[in-house]
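In our numbering, the protein residues as written are 67 to 351.
Below you'll find the structure, written out as structure tokens, and then a few comments.
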């Protein structure tokens, strides 16, 4: 039986080939090799995107914004590790996303294929457990409060990191200074104060911090293991740490943008007779 990821790769390969593009789907090249291996073969480091005289705060921000992929769909193979006082798990997942707000997620290892299936649309979340023939239906924000999730790091934040939403935009972002050879920027909306640290040579967002305007929650986010894809540099590892000490690491083993993902990859049919379950919520500390 061909799994969803292999099917997407196969169909995408045919599509890209017919469109005149060449792409290699012959197995998953280790992320640690990627750009680093190519540079070692070339015997040189990547050239800076901006010359020293061009590295003004405005130019660096605009260069960093250009160094992001614009996409309508995304297919990823993701290894997720989540660790905290109330939860600890790791596993590999197939993740499919299309704009504006639809995604599906299927486990591949640890949990076992077919253990559960997830579909989200806006703030609506459905989780189906085939073996028990049970399902959860609710909002993503309500699911974050359940014992089943059990982490201070909300699933919405993890999802945004997986599909590449760093929150970095030109509008509303102001330059705040320099820190450890990085340019430091800030933005504020109704919920969050967001800080960004950008490498001015490579135009890479390497670190950010999100802090609640009202409340004590904050998240430190670090981006690493950059590779070049679609002519921009994207991180293949994202680490998140909450103010409470909970930790998450996202490793993007494979990620492709703007693929012709089959419509049925976004379907999650709940069979007749499946029982809806109410998940127990966590007690407030």
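Glycine included, C-beta positions come from ideal geometry on N, C-alpha and C.
In this text the structure is predicted, and so the values were computed from the model without any measurement.
Are the beta-carbon atoms of residue i and residue j separated by less than 8 Å?
i           : j           : result
residue 277 : residue 259 : yes
residue 192 : residue 182 : no
residue 308 : residue 285 : yes
residue 128 : residue 235 : no
residue 203 : residue 319 : no
residue 228 : residue 161 : yes
residue 153 : residue 233 : no
residue 158 : residue 145 : yes
residue 281 : residue 218 : no
residue 118 : residue 268 : no
residue 346 : residue 212 : yes
residue 283 : residue 303 : no
residue 241 : residue 123 : yes
residue 253 : residue 239 : yes
Sort out for me which residues DSSP pairs residue i with in a bridge.
i           : result
residue 204 : 191
residue 314 : 148 and 306
residue 258 : 278
residue 293 : 300
residue 253 : 260
residue 141 : 162 and 322
residue 184 : 171 and 193
residue 347 : 212
residue 154 : 149
residue 198 : DSSP output for residue 198 lists no bridge partner at all.
residue 341 : 200
Report, in whole angstroms, the separation of the C-beta atoms of residue i and residue j, which I expect to be a contact under 8 Å.
i           : j           : result
residue 299 : residue 270 : 6 Å
residue 428 : residue 264 : Because the chain here runs from 67 to 351, residue 428 falls outside it and cannot be looked at.
residue 324 : residue 139 : 6 Å
residue 210 : residue 322 : Contact doesn't hold; Cβ gap of about 28 Å is too wide.
residue 168 : residue 331 : In fact, because the Cβ distance is near 10 Å, the residues do not count as touching under 8 Å.
residue 306 : residue 223 : 7 Å
residue 341 : residue 199 : 7 Å
residue 221 : residue 116 : At roughly 36 Å, the Cβ-Cβ gap does not stay under 8 Å, so residue 221 and residue 116 are not in contact.
Quick one: using the 10 Å Cβ neighbour count with 16 as the cut-off for buried, is residue i buried or exposed?
i           : result
residue 335 : exposed
residue 312 : buried
residue 301 : buried
residue 339 : exposed
residue 196 : exposed
residue 249 : buried
residue 230 : buried
residue 262 : buried
residue 344 : exposed
residue 185 : buried
residue 85  : Only weak support exists for where residue 85 lies, its pLDDT of 34 falling under 50; the coordinates are left without a value.
residue 279 : exposed
residue 164 : buried
Discussion item. In chain order, what are the residue ranges of uninterrupted alpha helix (DSSP H) at least 4 long that sit wholly in the segment 218-251?
Written reply: Listed in chain order, they are 221-228.
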